[in-house]
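Using the working numbering, the letters of the sequence shown map in sequence onto residues -1 to 416. Using N, Cα and C, we set each Cβ at its ideal position, and we do this for glycine too.
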Amino acid sequence: MKIALKMTGCKNNRYELDQILSWAIKSKVPVVREEEADFCIVNTCTVTHVADKKSRQMVRKTKNANPKLKTIVFGCGARMQKESFEEIGEVDYLMEDLPSVIGFLEEKINDKTRRRAIDCAPSGMEFNDFSRSRALVQVQDGCDNFCTYCIIVSARGRSRNRPLDEIIDEINKHVKNGYNEVVLTGINIGAYGASSTTKPEESKFAELLRTILDKTDIKRIRISSLGPEYFSDELYKVLKNPRICRHIHLSIQSGSSSVLKRMKRQYDAKDTEKVVNRLKNDISGIAITTDIIVGFPEESDEEFKETLDFVKKNPLAKAHVFPYSVRKNTLAAKMEQVPDEVKKERAKKLQKLADRQREDFIKSQTLPTGRQVGKKVSVLWESENEGLTDNYIRVQKKGDHEVRSITIEKLTEKMILK
Ligand code: SF4
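Here it is as C-alpha cells:
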C-alpha cells in the first residue's frame, strides 16, 4: 500500500497530515505522489466559501490524476459540508477525523503488506518542503468564542489544551531529529491552559513558552497566531527572549470597535492598538502580521474608514485582507450583507495600503546595497539558498546552506525575496 497526502487550510490541517506522515514512517508505508498512490488522503478546510471550493477541486483533481487510487477525505470541510462532499463522485471514503483515518489505514495494512514493506525500505518519501525545514507542534485545538462569522467552533469543537509534558516531549524529539525551529499551532493558542478561550485572564500561554525555553534546546520558537485579548505583562516579558521569533501574527480582524462588537470579538480597536505599540516598543524589528475581514455585515463606509485609518496609524509588516465570506448557521449570516462589489473594492483598497507597508517594513530591516554595518538577523535555511528570517522576511543567498540550519546574516536589498 502506498499513500499520498494533500491538504487545503491552516497549520492545524498540516499538523494532522504530519501525524499521518509519522504514522506512515513508523509503519513503513511509502508516501508517494498521487500518480503512484493506492490511497490519497485529503484534509479539507471550510473557513470561507473559497476554501470549500478549493477542497472539492483538490479531491476531483487528485482522482483525475490517478483514477485507480481511492480518495480518503476528512477535516473541517468534510465535517461541515458533508452533503456536498457525498455528492462528489471522486470521494471514495468520507471520514470524521484524524483517528478514524489512521484507524482505517491500520486496517488496510495486513501482514503481507507489512512483510513486503520491511523487505524494501520505503522509497520516494514525497512531502512538501514546509515540514522539512521547521516542525509544527499543535498545543491546543478547538474554541469557545463563537465569533459571529466563524464556523470553526462547530468544525473543530470546544477548546482543549494538550498536556504540557507531551508538548515538551514532542519538541525534544524534533530537536533530536535536527529541527531548529518549531511553530506552535492550534485554533486559539493564546488561551492555552485556560478552562475556556473566553477567559483570557486564565491563559497560561506565557508559562508554556517559559517551560519550552527551560526544558528544550530548540533554537527558534515561532507562534502561529494570537488574539489581542491574550496579552499580559508576563507574555510581553517572555516574548523578548531571543529564541522566540520576532514575529507575532495578531488576529486583528477589524480596526473598527463597532464592527468588532458585531463580530463578538473579545477586544476593541484601542486594545489592539495598545498591543501593537507595546510590541513595537519592546522588540526592535518585530514583524506584526495580521488577518483583516472587510465588508463584514452592516459595515458602513465610516466603519471601513476606521479600519483603514487604524492600519495607516499602526503600520503592519504584512496583512491578509479577506472580503467577508458568509458561513451558513452563523449569526453574521443573518445580518444585513454588504454587496460583493463593495467588499471587493474595500479589500483592494486595504490590501494596496498593506502591501506598501510590507515594502516599508522590509526596507526598514534591510541595508541599502554597499553599506556594511547594520541589522543582524537569524535566518533558518529552507533550502541551500533560500531561508526565512525570525522576523518573517524571505531571503536568498548563494551558498550550500544546510536545510534547517540557522545563520546570522546582515540583510541587504539583493537578498530580499519578494
Ligand atoms: S476565536 Fe473566533 S474566529 Fe477564532 S476560532 Fe474562535 S470563534 Fe473562530
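Please check the pair residue i and residue j, which I expect to be a contact at CB under 8 Å, by giving their CB distance rounded to whole angstroms.
{"i": "Glu301", "j": "Tyr265", "result": "In fact, because the Cβ distance is near 16 Å, the residues do not count as touching under 8 Å."}
{"i": "Thr69", "j": "Asp95", "result": "16 Å between Cβ atoms; not a contact."}
{"i": "Asp388", "j": "His245", "result": "7 Å"}
{"i": "Ile185", "j": "Leu224", "result": "Their Cβ separation, rounded to whole angstroms, is 12 Å, which puts Ile185 and Leu224 out of contact at 8 Å."}
{"i": "Arg325", "j": "Tyr147", "result": "6 Å"}
{"i": "Thr80", "j": "Val40", "result": "Thr is not the amino acid found at residue 80; the sequence shown has Lys there. Not quite, the Cβ-Cβ distance comes to about 14 Å (not below 8 Å), so this is no contact."}
{"i": "Cys243", "j": "Ile219", "result": "7 Å"}
{"i": "Asn11", "j": "Cys43", "result": "6 Å"}
Are the Cβ atoms of residue i and residue j separated by less than 8 Å?
{"i": "Arg54", "j": "Ser82", "result": "yes"}
{"i": "Leu15", "j": "Phe37", "result": "no"}
{"i": "Ser157", "j": "Cys141", "result": "yes"}
{"i": "Glu334", "j": "Glu296", "result": "yes"}
{"i": "Thr364", "j": "Leu409", "result": "yes"}
{"i": "Glu205", "j": "Gly191", "result": "yes"}
{"i": "Lys342", "j": "Pro321", "result": "yes"}
{"i": "Glu200", "j": "Ser193", "result": "yes"}
{"i": "Cys74", "j": "Ala189", "result": "no"}
{"i": "Lys310", "j": "Leu277", "result": "no"}
{"i": "Val71", "j": "Leu103", "result": "no"}
{"i": "Ser252", "j": "Met261", "result": "yes"}
{"i": "Ala315", "j": "Tyr390", "result": "yes"}
{"i": "Lys217", "j": "Asn275", "result": "no"}
{"i": "Val137", "j": "Ile165", "result": "yes"}
{"i": "Arg130", "j": "Val401", "result": "yes"}
{"i": "Val48", "j": "Ser323", "result": "yes"}
{"i": "Ser222", "j": "Lys9", "result": "yes"}
{"i": "Val27", "j": "Ile107", "result": "yes"}
{"i": "Val173", "j": "Asp215", "result": "yes"}
{"i": "Ile86", "j": "Ala35", "result": "no"}
Going by the C-beta, is residue i closer than 7 Å to any heavy atom of the ligand SF4?
{"i": "Cys141", "result": "yes"}
{"i": "Phe294", "result": "no"}
{"i": "Cys148", "result": "yes"}
{"i": "Asn186", "result": "yes"}
{"i": "Cys145", "result": "yes"}
{"i": "Gly385", "result": "no"}
{"i": "Tyr151", "result": "According to the sequence displayed, residue 151 carries Val and not Tyr. Yes."}
{"i": "Gly225", "result": "yes"}
In angstroms with no decimal places, state the Cα-to-Cα distance between residue i and residue j.
{"i": "Lys171", "j": "Thr6", "result": "27 Å"}
{"i": "Pro313", "j": "Leu258", "result": "19 Å"}
{"i": "Leu162", "j": "Leu211", "result": "13 Å"}
{"i": "Glu407", "j": "Gln394", "result": "11 Å"}
{"i": "Ala115", "j": "Tyr13", "result": "Confidence in Ala115 is poor, its pLDDT being 44 and thus under 50, which makes the residue's placement too unreliable to answer from."}
{"i": "Asn279", "j": "Val273", "result": "10 Å"}
{"i": "Gln349", "j": "Thr288", "result": "12 Å"}
{"i": "Val377", "j": "Gly283", "result": "14 Å"}
{"i": "Val45", "j": "Ile150", "result": "7 Å"}
{"i": "Val336", "j": "Phe294", "result": "7 Å"}
{"i": "Glu124", "j": "Asp269", "result": "Below a pLDDT of 50, predicted positions are generally treated as unreliable, and Glu124, at 43, falls in that range; the measurement from the model is reported next regardless. If I take the Cα positions, the gap works out to 44 Å."}
{"i": "Thr196", "j": "Ser254", "result": "21 Å"}
{"i": "Glu384", "j": "Ile286", "result": "22 Å"}
{"i": "Lys61", "j": "Ala22", "result": "21 Å"}
{"i": "Gln435", "j": "Glu33", "result": "Because residue 435 is not part of the residues shown, which for the chain are -1 to 416, the question remains open."}
{"i": "Met(-1)", "j": "Ser25", "result": "11 Å"}
{"i": "Leu237", "j": "Asp231", "result": "10 Å"}
{"i": "Ser98", "j": "Lys374", "result": "47 Å"}
{"i": "Ala76", "j": "Asp398", "result": "42 Å"}
{"i": "Arg392", "j": "Glu105", "result": "42 Å"}
{"i": "Gly122", "j": "Val29", "result": "Note that Gly122 scores a pLDDT of 43, beneath 50, so its modelled location is shaky; the value from the coordinates is reported in the next line. If you take the alpha carbons of Gly122 and Val29, they lie about 7 Å apart."}
{"i": "Phe203", "j": "Val181", "result": "14 Å"}
{"i": "Ala267", "j": "Phe308", "result": "8 Å"}
{"i": "Leu306", "j": "Ile291", "result": "12 Å"}
{"i": "Gly420", "j": "Lys396", "result": "Because the chain in this structure spans residues -1 to 416, residue 420 falls outside the shown range and cannot be described."}
{"i": "Arg132", "j": "Ser403", "result": "10 Å"}
{"i": "Ala331", "j": "Asn175", "result": "46 Å"}
{"i": "Ser362", "j": "Glu382", "result": "26 Å"}
{"i": "Ser256", "j": "Ser20", "result": "45 Å"}
{"i": "Met56", "j": "Met78", "result": "17 Å"}
{"i": "Glu357", "j": "Glu339", "result": "27 Å"}
{"i": "Ser213", "j": "Leu207", "result": "Sequence check: residue 213 is Lys here, not Ser. Whole-angstrom Cα-Cα distance: 10 Å."}
{"i": "Arg160", "j": "Asp299", "result": "43 Å"}
Using beta carbons (cut-off 8 Å, strictly below), is residue i in contact with chain D?
{"i": "Phe144", "result": "In the structure shown, chain D cannot be found, because there is only a single protein chain."}
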